[in-house]
Amino acid sequence: MYVCYKSLLPYLKPYTVKVILAIGLCIPIGALDSVIAMSLKPYTDTVLMNNAEKNIFFVPILIVLFAIVQGILNYFATYLNASVGEKITRDIKHDLYKKMLLQDSVFFDKQKSGDIINKFNIHADNASAGLLSKMKMLVSRIFSSISLVCVLIYNSPQLSLIAVIILGVAFLPLSKIRKKIRDITKSVTNGLAGLVTEYNESYSGNKTVAAYNLQNYQEKKFLTSLNQLTSKKIKLSQKTAWISPMMHVIVSVGIGLSIAYGSYKISLGHMTSGNFVSFLTALILLYNPVKSMGNNVKEFQLSMVAVEHVLKTLNIKPSIANKKNAIKLLGFKERIELEHVNFGYKKKQTILSDISLTINKGETVALVGGSGGGKTTIANIILRFYDIASGSVKIDGIDIREYTLDSLRKNISVVFQDNFLFNGTIKDNIMLGRKNATIQDVQKAAEMACLNEFLGSLPDGLDTYIGERGVLLSGGQKQRVAIARAFLKDAPIVILDEATSALDNKSEEVVQKALENLMQDKTVIVIAHRLSTIRNADKIAVIDKGKILEVGKHDELMNKESGQYRMLYEKQFKK
Ligand SMILES: Nc1ncnc2c1ncn2[C@@H]1O[C@H](COP(=O)(O)OP(=O)(O)OP(=O)(O)O)[C@@H](O)[C@H]1O
Ligand SMILES: [Mg+2]
Numbered sequence: 298m299y300v301c302y303k304s305l306l307p308y309l310k311p312y313t314v315k316v317i318l319a320i321g322l323c324i325p326i327g328a329l330d331s332v333i334a335m336s337l338k339p340y341t342d343t344v345l346m347n348n349a350e351k352n353i354f355f356v357p358i359l360i361v362l363f364a365i366v367q368g369i370l371n372y373f374a375t376y377l378n379a380s381v382g383e384k385i386t387r388d389i390k391h392d393l394y395k396k397m398l399l400q401d402s403v404f405f406d407k408q409k410s411g412d413i414i415n416k417f418n419i420h421a422d423n424a425s426a427g428l429l430s431k432m433k434m435l436v437s438r439i440f441s442s443i444s445l446v447c448v449l450i451y452n453s454p455q456l457s458l459i460a461v462i463i464l465g466v467a468f469l470p471l472s473k474i475r476k477k478i479r480d481i482t483k484s485v486t487n488g489l490a491g492l493v494t495e496y497n498e499s500y501s502g503n504k505t506v507a508a509y510n511l512q513n514y515q516e517k518k519f520l521t522s523l524n525q526l527t528s529k530k531i532k533l534s535q536k537t538a539w540i541s542p543m544m545h546v547i548v549s550v551g552i553g554l555s556i557a558y559g560s561y562k563i564s565l566g567h568m569t570s571g572n573f574v575s576f577l578t579a580l581i582l583l584y585n586p587v588k589s590m591g592n593n594v595k596e597f598q599l600s601m602v603a604v605e606h607v608l609k610t611l612n613i614k615p616s617i618a619n620k621k622n623a624i625k626l627l628g629f630k631e632r633i634e635l636e637h638v639n640f641g642y643k644k645k646q647t648i649l650s651d652i653s654l655t656i657n658k659g660e661t662v663a664l665v666g667g668s669g670g671g672k673t674t675i676a677n678i679i680l681r682f683y684d685i686a687s688g689s690v691k692i693d694g695i696d697i698r699e700y701t702l703d704s705l706r707k708n709i710s711v712v713f714q715d716n717f718l719f720n721g722t723i724k725d726n727i728m729l730g731r732k733n734a735t736i737q738d739v740q741k742a743a744e745m746a747c748l749n750e751f752l753g754s755l756p757d758g759l760d761t762y763i764g765e766r767g768v769l770l771s772g773g774q775k776q777r778v779a780i781a782r783a784f785l786k787d788a789p790i791v792i793l794d795e796a797t798s799a800l801d802n803k804s805e806e807v808v809q810k811a812l813e814n815l816m817q818d819k820t821v822i823v824i825a826h827r828l829s830t831i832r833n834a835d836k837i838a839v840i841d842k843g844k845i846l847e848v849g850k851h852d853e854l855m856n857k858e859s860g861q862y863r864m865l866y867e868k869q870f871k872k
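Heads up, the sequence shown is in my numbering, so the first residue is 298 and it goes up one at a time.
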């Protein structure tokens, strides 16, 4: 526990003064708890027992005055705590988000969207909410307890001993169930992540849900997760609900014993009524927080689990990162070489085997072949979304793992098979290609991507809002926005992944023109299903089941009697 919180200490550092002040304020706030108890001794002995009427208001006024002081201090402490707490939450979330952005594809492949939100957002809230408010509670409780124990001892050392021993007994059950609560808390948080994934899938897949009438199916899936979560939560309450009553009973035993023993001492004349009243009040105040400990333990475990998760997340090391002395790829000069590349997305899996291919500067190399053959995978490894198992991918004679990731990717423009557009306008999305581009550059890119006719039909033109994931655009329009984005990036290497497969003939023509513009004077790796579009490629590689079957120009490959390319081509031509 201590180690856990200690690792979060760096987050407190920028706010040291405020944190010390906020925690420091808790000392008098806690200590002032004993004022009532302490003042009851003289009040009972001198005012009540001796009927000293002229002092009747003195102690009550004093109690109210101290309460006001305590209230004011409490306000400042709570405010400071909240403002520092929010800032710490912000800092942790900021770091977590940065961490998330640096993760590699392997990491994202494994996560559900709910896990991402949990890991990088919700845990941060729980962790830092716990951090400060618990610290504040702890410090004020400690000082409250110290001052109240002082009052107890002042009034009767003997009785104090009994009271403190019982207090110790009251804490025993807590230590027993902590681990159990923690395990359930963990599975509750996982259950929450599952729910977020359900929400997200129903949202992103709303059209599929509607088209296949999956409402009932989705609902059942959701309900199953929800029911599991609910029963876990109920179980958590079941495991914790008995703590408070149990402590209440133990504490009552303590109070009962004290009253009995105290009365006995008064009757012997070993204690004044004032001592007794003061003692009892201090005891009740001391025991009070103990009784609510059950809930605190639950909350505390929640934040402990969150802290653990946050630390774990902050420590994730992406498997694809810059090497220690990574160099910058400053412009592309000669060639891309794949040499005996073997690769699988998982260990012991073979998706690419012994792939060797050279792409010289200025060439257009086409990858063709059946679905699932590994064409997109080749693009993925050149972009270093994944690292290969053996062999090498070199650019200008140097293994791409020697280059910094950002310089490598800076030199490559990609139009994906499935392009992602961000919430915002067309212009925003094109500008992602080059953030400091001028409006003229953006217009040029849009023109080259054959978007002008479409833009002309829109009242807001480039400033048209396209919705989350670009849902307000057609498939071809989305693709052309992605092409404009790649065009604006103006990288020397261009990777096009099957950018024409999802379109009808007319939009294909437009997109094809846009692609030709994008490919001009670049080194291009184009993955195409429509073989008519790559007839002029400098090299065509036929990929099947992760292997290269043939490489050559269109005419060369067509001249092979029973060549794979020729078969593919004739099949398509017949269609
Ligand atoms: N992220 C991934 N994790 C695990 N396996 C994957 C992943 N992406 C692709 N695969 C698998 O790798 C193999 C090659 O996929 P790839 O996407 O490279 O095929 P492709 O040639 O581009 O096919 P298509 O023409 O249909 O786009 C497939 O069997 C696929 O199931
Ligand atoms: Mg593909």
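C-beta atoms are modelled at their ideal positions from N, C-alpha and C, and glycine is treated no differently.
Near ligand 1: residue i beta-carbon under 8 Å from a heavy atom
{"i": "glutamine 714", "result": "yes"}
{"i": "lysine 644", "result": "no"}
{"i": "threonine 655", "result": "no"}
{"i": "serine 650", "result": "no"}
{"i": "aspartate 401", "result": "no"}
{"i": "asparagine 639", "result": "no"}
{"i": "serine 668", "result": "yes"}
{"i": "glycine 247", "result": "Lying outside 298 to 872, the shown extent of the chain, residue 247 is not represented and no answer is given."}
{"i": "isoleucine 840", "result": "yes"}
{"i": "aspartate 794", "result": "yes"}
{"i": "asparagine 677", "result": "yes"}
Check whether residue i and residue j have beta carbons under 9 Å apart
{"i": "glycine 411", "j": "valine 493", "result": "yes"}
{"i": "proline 454", "j": "methionine 544", "result": "no"}
{"i": "leucine 533", "j": "isoleucine 478", "result": "yes"}
{"i": "isoleucine 652", "j": "glycine 669", "result": "no"}
{"i": "leucine 608", "j": "serine 331", "result": "no"}
{"i": "valine 506", "j": "valine 662", "result": "no"}
{"i": "isoleucine 633", "j": "phenylalanine 640", "result": "no"}
{"i": "asparagine 452", "j": "asparagine 572", "result": "yes"}
{"i": "aspartate 715", "j": "serine 616", "result": "no"}
{"i": "leucine 580", "j": "serine 560", "result": "no"}
{"i": "valine 587", "j": "lysine 530", "result": "no"}
{"i": "serine 437", "j": "glycine 327", "result": "yes"}
{"i": "arginine 429", "j": "asparagine 378", "result": "Correcting the residue type first, residue 429 is leucine in the shown sequence and not arginine. Result yes, Cβ atoms of leucine 429 and asparagine 378 sit closer than 9 Å."}
{"i": "aspartate 422", "j": "alanine 603", "result": "yes"}
{"i": "leucine 702", "j": "alanine 825", "result": "no"}
{"i": "aspartate 696", "j": "leucine 626", "result": "no"}
{"i": "tyrosine 500", "j": "glycine 551", "result": "no"}
Residues that residue i bridges to, as DSSP identifies them
{"i": "asparagine 657", "result": "Arg632"}
{"i": "phenylalanine 640", "result": "Leu649"}
{"i": "isoleucine 624", "result": "Tyr700"}
{"i": "leucine 664", "result": "Ile824 and Ala838"}
{"i": "tyrosine 762", "result": "Thr722"}
{"i": "valine 712", "result": "Leu793"}
{"i": "isoleucine 369", "result": "DSSP output for isoleucine 369 lists no bridge partner at all."}
{"i": "isoleucine 695", "result": "Ile692"}
Where residue i falls: helix, strand or coil (DSSP)
{"i": "valine 768", "result": "coil"}
{"i": "lysine 732", "result": "coil"}
{"i": "glycine 688", "result": "strand"}
{"i": "isoleucine 613", "result": "coil"}
{"i": "aspartate 787", "result": "coil"}
{"i": "histidine 606", "result": "helix"}
{"i": "methionine 601", "result": "helix"}
{"i": "serine 441", "result": "helix"}
{"i": "alanine 746", "result": "coil"}
{"i": "serine 754", "result": "coil"}
Near ligand 2: residue i beta-carbon under 8 Å from a heavy atom
{"i": "threonine 673", "result": "yes"}
{"i": "isoleucine 824", "result": "yes"}
{"i": "aspartate 406", "result": "no"}
{"i": "aspartate 787", "result": "no"}
{"i": "aspartate 760", "result": "no"}
Residue-chain proximity (residue i, chain C), Cβ-Cβ < 9 Å
{"i": "lysine 621", "result": "Among the chains of the structure shown, chain C does not appear; only one protein chain is present."}
Near ligand 3: residue i beta-carbon under 8 Å from a heavy atom
{"i": "leucine 815", "result": "Ligand 3 is not part of the structure shown, which contains ligand 1 and ligand 2 as its ligands."}
Can you list, in chain order, the stretches of the alpha helix (DSSP H) that have 4 or more residues and sit fully within the region 790 to 863? If we require 4 residues or more, the alpha helix (DSSP H) runs fully inside the region 790 to 863 come out as 802 to 816 and 851 to 855.
Runs of alpha helix (DSSP H) wholly within the region 303 to 359 (minimum 4 residues, chain order): Taking only runs of at least 4 residues, the alpha helix (DSSP H) segments lying wholly in the region 303 to 359 are 306 to 309, 313 to 328 and 331 to 339.
What alpha helix (DSSP H) runs, 4 residues minimum, are completely inside the region 476 to 557? Segments of the alpha helix (DSSP H) lying fully in the region 476 to 557: 503 to 508 and 512 to 538.
Length-filtered (4 minimum) alpha helix (DSSP H) runs lying within the region 378 to 431: Counting only runs of 4+ residues, the alpha helix (DSSP H) found wholly inside the region 378 to 431 occupies 402 to 407 and 410 to 414, in chain order.
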